[in-house]
């Protein structure tokens, strides 16, 4: 049986999630739910501790980096507990140099924590800062078994090729399969680098109101690009996910 795969979502931001955990876990979706700050790591672990299909990632979102920089020490203190790391990365949408510097300092501190650690799976934000994000990641994970997923990648094709050459993976969502830039990225990606995500609840709109709706739309789009049946696309993503997990053992 192949599951749906959601390598990047924010389940802790779902309304009523504390009473809806069992329902989310019962879905046929292998899920990585990310945290935006280290302060949320322990509460999320508690919420999802009994789950079979949901794993919690330890993160510090780049858009919160300047305000939450002191929390890096909290992250480093529990780093060894976490198999999954995210949401982390860089965001180039701010023109404030102090903000960009804080992001880079935080990101480097987090990546430095990878040293001497058991293999981790990272889900990484790179909006507007793809080249810099990829360079930092390449230096941090070269020669290790750490696995990198570039979440909702929107960089250029040169950056994409660099990331592919570095062995990175890419998680795509239903917004990408319908946008011009997203479609160009999907066309350029080797199939064995493609995973799926929802980034829910931020991507919910119109008739996309659940993670399954989102993933089905994404797989339908991938099937069109790959000229295959939807079930074949689903199986391909499932196999890619399995290979990633095995590589990080």
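Numbering (our numbering), first residue to last: 2 to 250.
Just so you know, even glycine gets a beta-carbon here, dropped at the ideal spot from N, CA and C.
- Straight-line measurement puts the Cα of residue 66 at about 10 Å from the Cα of residue 90.
- Around the CB of residue 97, fewer than 16 other CB atoms lie within 10 Å, so the residue is classed as exposed.
- Per the coordinates, the alpha-carbon of residue 118 lies some 26 Å from the alpha-carbon of residue 102.
- Between the C-alpha atoms of residue 23 and residue 212 there is a straight-line separation of about 15 Å.
- Secondary structure of residue 50 (DSSP, three-state): coil.
- DSSP places residue 7 in the uninterrupted beta strand (DSSP E) bounded by 5-10.
- Counting only residues of its own chain and dropping the five nearest sequence neighbours on each side, residue 52 has a CB closer than 6 Å to the CB of 26.
- Rounded to whole angstroms, the Cβ separation of residue 239 and residue 4 is 6 Å, and the two are in contact under 8 Å.
- Here residue 127 is not near residue 168, since their CB atoms are 8 Å or more apart.
- The straight-line gap separating the alpha-carbon atoms of residue 8 and residue 34 is approximately 7 Å.
- Around the CB of residue 149, 16 or more other CB atoms lie within 10 Å, so the residue is classed as buried.
- The residue from 241, 203, 195, 166 with its alpha-carbon nearest to that of residue 223 is 195.
- Taking all protein chains shown into account, residue 124 has 16 or more neighbouring C-beta atoms within 10 Å of its C-beta and is therefore buried.
- The residue among 132, 120, 181 with its C-alpha nearest the C-alpha of residue 162 is 132.
- One alpha carbon belongs to residue 87, the other to residue 231, and they sit about 28 Å apart.
- Looking at the DSSP output, residue 56 bridges to 33.
- Annotation for residue 137: the continuous alpha helix (DSSP H) segment containing it runs 131-142.
- Under a 10 Å Cβ-count criterion, residue 92 is classified as buried, with 16 or more other Cβ atoms of the shown protein chains found around its own Cβ.
- Between residue 214 and residue 32, the alpha-carbon positions lie close to 15 Å from each other.
- The beta carbon of residue 220 sits closer than 6 Å to those of 231, 234, 235, all from its chain and outside the five residues before and after it, given in chain order.
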